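Student: There's a structure below that I have some questions on.
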Amino acid sequence: MTLKAALSRARGILAQNAIEDVPLEAELLLRHVLKINRTQLYLDLEQELSPQDEKAFGHLVERRLSGEPSAYIIGNREFYGLDFYVDSNTLIPRPESELLVETALTLARNRQLHTIADIGTGCGAIAVSLALELAQAKIYATDISPAALEVAAINCQRHGVDDRVSLLQGDMLEPLPEPVDLIIANLPYVGESELTPSFEPLIALDGGADGTEIIAKLCLQTKGKLSGGGSLLLEIGAGQSEAITALLRHLFPDSNVDVFTDLGGIERVVSLSLSKAKVAK
1 MTLKAALSRA RGILAQNAIE DVPLEAELLL RHVLKINRTQ LYLDLEQELS PQDEKAFGHL
61 VERRLSGEPS AYIIGNREFY GLDFYVDSNT LIPRPESELL VETALTLARN RQLHTIADIG
121 TGCGAIAVSL ALELAQAKIY ATDISPAALE VAAINCQRHG VDDRVSLLQG DMLEPLPEPV
181 DLIIANLPYV GESELTPSFE PLIALDGGAD GTEIIAKLCL QTKGKLSGGG SLLLEIGAGQ
241 SEAITALLRH LFPDSNVDVF TDLGGIERVV SLSLSKAKVA K
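The opening residue of the sequence shown carries number 1 in our numbering; numbering runs sequentially from there.
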């Protein structure tokens, strides 16, 4: 069987089982088996697939049909143009979370960010992306899961930022040793009624009854953890902006609170900026 035929068959099987992005999914799995890049794959479509590789490819397709995400199967996911190792101990980075990074970089153009805290870092995608873009910043990355921090450590080493990203185990802001200029967080925001069986860790998805409980807890922890003029960036779910912005305005009445939409038109990031003259205590 040629690579072209194998791809075609896999696409058909995946499509029949309602898998999204079928062409990409099949391609990723086959490239993983053959350990080749996209260019090599399409240059060699008429090459024969060995029986061993055909069997291995079929096994990966079966795993995908069981619902296991391709990112866990192949062990990596792209985020902000970078390749990250992922496994079932961490949430798989989503494209919409890149808006957090972009918003942070916009803030950095207007003021110096000497210290940044990435809360609930997971695989470390946000912390690593910011470390590579903001070479002078010191970054703390916290997570309650030791297993997730092990994955983040792999990615910090992979991208050469392990000397500037400090990984701290603990509950959100509690491990921070000092107030920081920016707190950035992609915390669980799926409501309990919306949770479905998933290969991803429940702790990274479950946001409580209405999906905002963990985010609200972080907001309450923020006092004393931001420096004067500091900022907080939160990723939120659809329909959550009103509740979160109301809470922040109540907690920090002299601050500026803004909401940014993602490419899908969903209000995705809430931004809080403190007055330079006042520090949250």
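Just so it is clear, CB atoms sit at the ideal spot from N, CA and C, and this is done for glycine as well. All values reported here derive from a predicted model rather than from experimental measurement.
Could you tell me which uninterrupted alpha helix (DSSP H) segments, each at least 4 residues in length, are contained entirely in the stretch 227-258, listed from first to last along the chain?
Tutor: List check, alpha helix (DSSP H) in window: 241-251.
Student: Taking its Cβ as the centre, do 16 or more other Cβ atoms sit within 10 Å of S241, making it buried, or is it exposed?
Tutor: With 16 or more other Cβ atoms within 10 Å, it is buried.
Student: With burial defined as no fewer than 16 other Cβ atoms inside 10 Å of the residue's Cβ, what is the status of N256: buried or exposed?
Tutor: With fewer than 16 Cβ atoms within 10 Å of its Cβ, N256 is classed as exposed.
Student: Would you kindly work out how many angstroms separate the C-alpha atoms of L263 and G120, rounded to a whole number?
Tutor: If I take the Cα positions, the gap works out to 23 Å.
Student: Fully enclosed by the stretch 34-96, which alpha helix (DSSP H) runs are 4 residues long or longer?
Tutor: For the stretch 34-96, whole alpha helix (DSSP H) runs of length 4 or above, ordered along the chain, are 38-43, 51-65, 70-74.
Student: With respect to the alpha helix (DSSP H) encompassing K138, which residues constitute its N-terminal and C-terminal limits?
Tutor: Per DSSP, K138 belongs to no alpha helix (DSSP H); it is in the beta strand (DSSP E), 138-143.
Student: Exposed or buried, which one is A280 when buried takes at least 16 other CB atoms within 10 Å?
Tutor: Its pLDDT being 47, under 50, A280 is placed unreliably in this model, and the value from its coordinates should be taken loosely. A280 should be labelled buried.
Student: What are the complete beta strand (DSSP E) segments, minimum 3 residues, inside the stretch 115-178?
Tutor: Here the runs fully enclosed are 115-119, 138-143, 165-169.
Student: Taking C-alpha atoms, which residue in L107, I144, Y189 lies nearest to E133?
Tutor: Of the candidates L107, I144, Y189, the one whose C-alpha sits nearest the C-alpha of E133 is L107.
Student: Measure the beta-carbon distance from N155 to G124 and round it to whole angstroms, keeping in mind my assumption that it falls under 8 Å.
Tutor: 4 Å between Cβ atoms; contact.
Student: Please return the same chain residues whose Cβ sits closer than 7 Å to the Cβ of K278, not counting the five positions on each side in sequence.
Tutor: Residue placement at K278 is flagged as unreliable, the pLDDT there being 47, under the threshold of 50; the coordinate-derived value follows with that caveat. Within the same chain, K278 has close Cβ partners G228, D254.
Student: What's the call for E192, buried or exposed, on a 16-neighbour Cβ count within 10 Å?
Tutor: So E192 ends up on the exposed side.
Student: Excluding the 5 residues preceding and the 5 following L45 in the sequence, name in chain order all residues of the same chain whose CB lies nearer than 7 Å to its CB.
Tutor: T2, L3, K4, listed in sequence order.
Student: My understanding is that E27 touches L14, with C-beta atoms under 8 Å, so please give their C-beta distance in whole angstroms.
Tutor: Their Cβ separation, rounded to whole angstroms, is 11 Å, which puts E27 and L14 out of contact at 8 Å.
Student: Starting from L99, follow the beta strand (DSSP E) in both directions and report where the run begins and ends.
Tutor: Premise fails: L99 lies in the alpha helix (DSSP H), 98-110, not in any beta strand (DSSP E).
Student: Is the beta carbon of L91 less than 7 Å from the beta carbon of I73?
Tutor: Going by C-beta atoms, L91 is not nearer than 7 Å to I73.
Student: By the 10 Å Cβ neighbour count, where 16 or more other Cβ atoms means buried, how is K223 classified, buried or exposed?
Tutor: Per the 10 Å Cβ criterion, exposed.
Student: Look up K278 in the DSSP assignment and say whether it is helix, strand or coil.
Tutor: With a pLDDT of only 47 at K278, under 50, the local geometry of the prediction cannot be trusted, and the value read off the model is given with reservation. Note: K278 maps to coil in three-state DSSP.
Student: Do you know how far the Cα of V86 is from the Cα of Y189?
Tutor: Between Y189 and V86, the C-alpha separation is close to 20 Å.
Student: May I ask you to report which of helix, strand or coil DSSP gives E20?
Tutor: Here E20 sits in coil by DSSP.
Student: In terms of residue numbering, what span does the beta strand (DSSP E) encompassing L182 cover?
Tutor: Segment 180-185, the beta strand (DSSP E) holding L182.
Student: Would V165 pass as a contact of A216 if the rule is Cβ separation under 7 Å?
Tutor: No, the pair does not count as a contact, with Cβ atoms beyond the cut-off.
Student: Determine the extent of the alpha helix (DSSP H) in which L220 is found, giving its start and end residues.
Tutor: Looking at the DSSP string, the run of the alpha helix (DSSP H) that includes L220 is 213-221.
Student: Please report the straight-line C-alpha distance between T212 and R38, rounded to a whole angstrom.
Tutor: Cα to Cα, T212 sits roughly 40 Å from R38.
Student: For the beta strand (DSSP E) holding V190, just list the boundary residues, first then last.
Tutor: That residue, V190, is in no beta strand (DSSP E); it is neither H nor E in DSSP.
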